[in-house]
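Residue numbers (our numbering): 0 to 133.
Every residue, glycine too, gets a C-beta built ideally from N, C-alpha and C.
Worksheet: one structure, shown below.
As structure tokens, this is what we get:
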């Protein structure tokens, strides 16, 4: 926890093991199993107890730095997504040189921008969440 005003919320709903550490400067939408949405202005940095898969970037598998734009990502994938949405205005389009099935790993993440951007979208990264967190 940092020196900013923060709080910790333990979510026991549906036997969840999530611990949410809230930071005042950001907003996130969390959707539970009943498709209900909870919006809060005091959120980010989701810490997940006993869930090792969330310690790694959902895009490339590198060590994650936190919750960014709707997904748990590393700094490199967060910055790639932010650059992509700032220039992805219909004029600049990524193209896959293979068969749209590139493996995105820490080592290969710079080889195919198209497949990397598609993976960002498929894991839930969203434009509106990146704008809200700026």
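Taking only the alpha-carbon atoms, compute the straight-line gap between residue i and residue j and give it to the nearest angstrom.
i: residue 93; j: residue 84; result: 12 Å
i: residue 68; j: residue 103; result: 18 Å
i: residue 28; j: residue 107; result: Confidence at residue 28 is low in this model, with a pLDDT of 41, below 50, so the placement of that residue is unreliable and no value is reported for it.
i: residue 95; j: residue 62; result: 25 Å
i: residue 105; j: residue 125; result: 21 Å
i: residue 100; j: residue 86; result: 23 Å
i: residue 112; j: residue 60; result: 16 Å
i: residue 119; j: residue 58; result: 6 Å
Per DSSP, what are the beta-bridge partners of residue i in this structure?
i: residue 62; result: 55
i: residue 135; result: A query on residue 135 cannot be resolved here, the shown segment of the chain reaching from 0 to 133 and no further.
Could you tell me how far apart the beta carbons of residue i and residue j are, in whole angstroms, since I believe they sit closer than 8 Å?
i: residue 64; j: residue 74; result: 5 Å
Closest to residue i by C-alpha separation, out of the options, would be which residue?
i: residue 98; options: 125, 78, 114; result: 114
i: residue 123; options: 71, 60, 109, 100; result: 71
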